[in-house]
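The opening position of the sequence shown corresponds to residue 342 in our numbering, with each subsequent residue numbered one higher.
Glycine included, C-beta positions come from ideal geometry on N, C-alpha and C.
All values derive from a computational prediction rather than experimental measurement.
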Amino acid sequence: MSYVTPGSSDRRRLVTDVREALRDLNIQLSLLNRRFGARAELKDVDWNCVDLLNRYGPLTPSALARRAGLHPATVTGVLDRLQRGGWITRERDPDNPDRRAVTIRARKERNAELYQLFSGMNQQMDQICADYTESELELIATFLRRTTSAGDVATRQLEDE
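Encoded structure:
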């Protein structure tokens, strides 16, 4: 691996290349998600909520709203659509003194449909990853996690303004 001097024009160009590549990736993933959502009959925000529930659930509506960056009233409409579509269940805890308390669960039996729709991208990713060593994949994964974290910080900063 070669290194460029901090502050050099080569380094600035490479950093710009990385930023541009991430912008291109964002656009392409948005297009993929839009096409995916149309096939699954899910709006973008609905798909995000199903994905969050699959990854971090079960969640309360408030916790889902926080994770998705949505207003609680918006989440109510999303959950109504997802329940009608058979993507989630709402469960009440009979032991909770607040009778309105609900836990939202993704219906895991529907995941096979999602995996099928993403199978083309997953195959493409497997082919790409096959070209990298384990240490390179660790580096890429670290970079992506750090980029995701930076996006989270920037999102919170915009909320606070």
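Under the three-state reduction of DSSP, which class applies to Glu432: helix, strand or coil?
Mapped onto the sequence shown, residue 432 falls at position 91. Strand, per DSSP.
Can we say the segment 398–408 touches the segment 433–450, given the rule of at least three CB pairs closer than 8 Å?
yes
Please classify Leu383 as buried or exposed, where buried requires at least 16 other C-beta atoms within 10 Å of its C-beta.
Counted from its first residue, the sequence shown places residue 383 at position 42. It is buried - the Cβ of Leu383 has at least 16 other Cβ atoms within 10 Å.
Ordered along the chain, which non-local residues of its own chain (more than five positions away) have a Cβ less than 7 Å from that of Asp387?
For the purposes of this step, residue 387 is taken as the residue at position 46 of the sequence shown. Taken in chain order, the residues that qualify are Val419, Arg422, Leu423.
Less than 8 Å between the CB atoms is what I'm expecting for Arg375 and Asp385, so what's the real figure, rounded?
As a working note, residue 375 is residue 34 in the sequence shown. As a working note, residue 385 is residue 44 in the sequence shown. At roughly 7 Å, the Cβ-Cβ gap stays under 8 Å, so Arg375 and Asp385 are in contact.
In whole angstroms, what separates the C-alpha of Phe459 from that of Arg407?
What you label residue 459 is simply residue 118 of the sequence shown in a count that begins at 1. What you label residue 407 is simply residue 66 of the sequence shown in a count that begins at 1. Straight-line Cα distance between these residues: approximately 26 Å.
Are the Cβ atoms of Asn389 and Ala409 separated by less than 7 Å?
The count along the sequence shown starts at 1 and reaches residue 389 at position 48. The count along the sequence shown starts at 1 and reaches residue 409 at position 68. Their beta carbons are under 7 Å apart, which means Asn389 touches Ala409 by this criterion.
Identify whether Thr444 lies in helix, strand or coil by the three-state DSSP scheme.
Taking the sequence shown and counting its residues from 1, the one referred to as residue 444 is at position 103. Three-state DSSP puts Thr444 in a strand.
Among residues of its own chain, excluding the 5 on either side of Leu394, which ones have a beta-carbon nearer than 8 Å to its beta-carbon?
Locating residue 394 in the sequence shown gives position 53, counting from the first residue. So the qualifying residues of the chain are Leu400, Leu405, Ile429, Ile445, Arg446, Ala447.
Under 8 Å by Cβ, that's how I've got Glu454 and Ala379 pegged, so tell me the actual separation to the nearest angstrom.
As a working note, residue 454 is residue 113 in the sequence shown. As a working note, residue 379 is residue 38 in the sequence shown. The Cβ separation is near 14 Å, so there is no contact.
Tell me the DSSP secondary structure of Leu509 in three-state form.
Look at the range of the chain in this structure, 342 to 502, and you will see that residue 509 is not part of it.
If you count every other CB in all the chains shown that lies within 10 Å of the CB of Gly331, and 16 or more means buried, which is it?
In the structure as shown, the chain starts at 342 and stops at 502, and residue 331 therefore has no counterpart that could be examined.
Near Met462, which residues of its chain fall below 7 Å by C-beta distance, leaving aside the five closest residues on each side in sequence?
Numbered from 1 along the sequence shown, position 121 holds the residue referred to as residue 462. So the qualifying residues of the chain are Leu373.
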